[in-house]
Amino acid sequence: MTTFNVTSHTRSHSPWTTRAETAADAAAVREIVLAAFDAPGEADLVDALRADEAWIDGLSQLALAEDGRPVGHALLTRCHIGDTPALCLAPVAVLPEYQRTGAGSAATRAALDAARRRGERFVVVLGHPDYYPRFGFGRASRYGIGLTIEVPDEALMALALDPERHPLPSGTVRYAAPFGI
Numbered sequence: 012m013t014t015f016n017v018t019s020h021t022r023s024h025s026p027w028t029t030r031a032e033t034a035a036d037a038a039a040v041r042e043i044v045l046a047a048f049d050a051p052g053e054a055d056l057v058d059a060l061r062a063d064e065a066w067i068d069g070l071s072q073l074a075l076a077e078d079g080r081p082v083g084h085a086l087l088t089r090c091h092i093g094d095t096p097a098l099c100l101a102p103v104a105v106l107p108e109y110q111r112t113g114a115g116s117a118a119t120r121a122a123l124d125a126a127r128r129r130g131e132r133f134v135v136v137l138g139h140p141d142y143y144p145r146f147g148f149g150r151a152s153r154y155g156i157g158l159t160i161e162v163p164d165e166a167l168m169a170l171a172l173d174p175e176r177h178p179l180p181s182g183t184v185r186y187a188a189p190f191g192i
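Those letters in the sequence shown? Residues 12 to 192, per the numbering used here, in order.
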């Protein structure tokens, strides 16, 4: 488990403990994702990814409340940028009563740290352009990275986990089949 002092990441003063999802956490993760999104599509996506070859054990991370209950979740699964293996960050979800407390940031940082420890090199995210740059993500189009579907340019972002040794490749992102892209 990793403990993040949230004061360095958000306005909250309580520490977050993070850990990898286990098989026993599937129902709690579904509850978090269902509560965080307006429709069940994201929760269904997580369930489908859990059964897909894109799933990588240890890259589904949870932020835990003080009582040990999972309240935040961040998921990285296999995708490709062109032919280069990469990871896709999606979804990031937090129970509504814990949103804006640093739980999502703690889970995301834990997932990115776990990916670095595994030797992963690249991560893409399709998300809010005001949220993900805090983790180092930048506009993917600057690196020649795109999608086969139309999305706002600022919403597709990419991150090199070790940019000095492994700069971002260019190419079209190929998501795992459950994404339907």
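We put the CB at the ideal spot given by N, CA and C, even for glycine.
Query                                                                                                   : Result
Length of the line joining the Cα atoms of Gly-52 and Gln-110                                           : 20 Å
Straight-line Cα distance separating Gly-155 from Asp-248                                               : Outside the shown range of the chain (12 to 192) lies residue 248, about which nothing can therefore be said.
Cβ pair Arg-127, Leu-172 closer than 9 Å                                                                : yes
Whole runs of the alpha helix (DSSP H) within the segment 78-136, excluding any shorter than 4 residues : 114-128
Alpha carbon of Arg-185 to alpha carbon of His-91, nearest angstrom                                     : 5 Å
Length of the line joining the Cα atoms of Thr-18 and Glu-77                                            : In this prediction, Thr-18 has a pLDDT of 31, which is less than 50 and means its spatial position is unreliable; what the coordinates show is noted afterwards. For Thr-18 and Glu-77, the distance between alpha carbons rounds to 15 Å.
Which of helix, strand or coil DSSP assigns to Ser-73                                                   : It should be noted that the sequence gives Leu, not Ser, for residue 73. Here Leu-73 sits in strand by DSSP.
Where Val-162 falls, given that 16 or more other Cβ within 10 Å makes a residue buried                  : exposed
Residue of Gly-93, Ala-188, Asp-141 minimising C-alpha distance to Leu-179                              : Gly-93
Residues near Arg-150 in its chain [Cβ-Cβ closer than 7 Å; skip 5 each side]                            : Asp-164, Glu-165, Met-168
Every unbroken beta strand (DSSP E) inside the segment 23-47 [3 residues or more]                       : 27-31
Under 9 Å between C-beta atoms of Ala-118 and Thr-29                                                    : yes
With 16 other Cβ atoms within 10 Å as the buried cut-off, status of Arg-41                              : buried
Span separating the alpha-carbon of Gly-130 from that of Ala-97                                         : 11 Å
Own chain, CB closer than 6 Å to Leu-170, minus 5 neighbours either side, in chain order                : Val-134, Gly-147, Phe-148
Asp-58 versus Ala-37: straight-line alpha-carbon distance, rounded                                      : 8 Å
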